[in-house]
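Numbering (our numbering), first residue to last: 597 to 857.
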């Protein structure tokens, strides 16, 4: 005797089962226009939640696979840029709480646009960055160059990067800003949707943790390498009294350490 197991229908299946293939919902289902609009909105919201969940999972997988900050940020930029189909996605990192500039440590470029990777962006006298850092939510600008108070240096950077529209949000770890994510549209002016802003804000919370962890790892690694270097030089000093040999070894090891760090 065989038992037929009936699979439970998911909310998504129940919702989409009611939708006619022709798209003429009102006539085929006898639904009023408000009901049709409501069901369409529900489907869009569910699709957006799935997209956000998938994006966060991919970023989390990248974070778990490596502690290399450049690799994490570059992968996050690529995933964001492809998901939101923007010209450029970049992540700028604040190296320390006292640092007056942000350094671009990750970038995705969808076309033949100027490269931002490695570029330093000043924090001082930059009203756009000040607005992003002080705000808890993302800042969406359709006409970036029309932002009030842009100084000549910031305007020159924007023109060099060919930025027409920008969506940006700060990444915060324990209340402190440790980076900024920026999405650029270079080929046209773009109106950023509420959903795009929410997606970027969701990603920012994950990347804030990743940036902090990667910076701690990098600091710990550098400290270990420095201690190893000092031990090696100390051993060399104890093993010989020849000053030339000691200095030659010290210079060689320091240069190698500087190249690797």
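For every residue, glycine included, the Cβ atom is placed at its ideal position computed from N, Cα and C.
Cα-Cα, which of the options is closest to residue i?
i: residue 771; options: 784, 808, 742; result: 808
i: residue 690; options: 767, 646, 751; result: 767
i: residue 734; options: 804, 654, 790, 649; result: 790
i: residue 812; options: 657, 664, 736; result: 664
i: residue 736; options: 801, 760, 667, 715; result: 760
i: residue 769; options: 653, 783, 806; result: 806
i: residue 699; options: 673, 671, 714, 707; result: 714
i: residue 712; options: 783, 642, 667, 779; result: 779
i: residue 815; options: 678, 692, 753, 752; result: 692
i: residue 707; options: 730, 678, 726; result: 678
i: residue 743; options: 667, 660, 753, 724; result: 724
Do residue j and residue i have their beta-carbon atoms positioned less than 9 Å apart in this structure?
i: residue 762; j: residue 732; result: no
i: residue 697; j: residue 728; result: no
i: residue 651; j: residue 765; result: no
i: residue 750; j: residue 774; result: no
i: residue 709; j: residue 757; result: yes
i: residue 785; j: residue 739; result: yes
i: residue 669; j: residue 795; result: no
i: residue 719; j: residue 695; result: yes
i: residue 671; j: residue 658; result: yes
State the CB to CB distance for the pair residue i and residue j, rounded to an integer number of angstroms; the pair is presumed to be in contact (CB under 8 Å).
i: residue 741; j: residue 777; result: Not really, about 20 Å apart at Cβ, beyond 8 Å.
i: residue 676; j: residue 654; result: The pair is not a contact, with the Cβ atoms about 10 Å apart (cut-off 8 Å).
CB of residue i to nearest heavy atom of the ligand HEM: below 8 Å?
i: residue 708; result: What this structure holds is no ligand at all, so the ligand HEM is not there to describe.
> Taking contact to mean at least 3 C-beta pairs separated by less than 8 Å, is the region 702-714 in contact with the region 680-687?
Replying inline: yes
>> I'd like the ranges of any alpha helix (DSSP H) spanning at least 4 consecutive residues and lying wholly in the region 648-714.
In response: 665-680
> Where are the alpha helix (DSSP H) runs, 4 residues long or more, that stay fully inside the region 718-756, in chain order?
Replying inline: 723-730, 748-756
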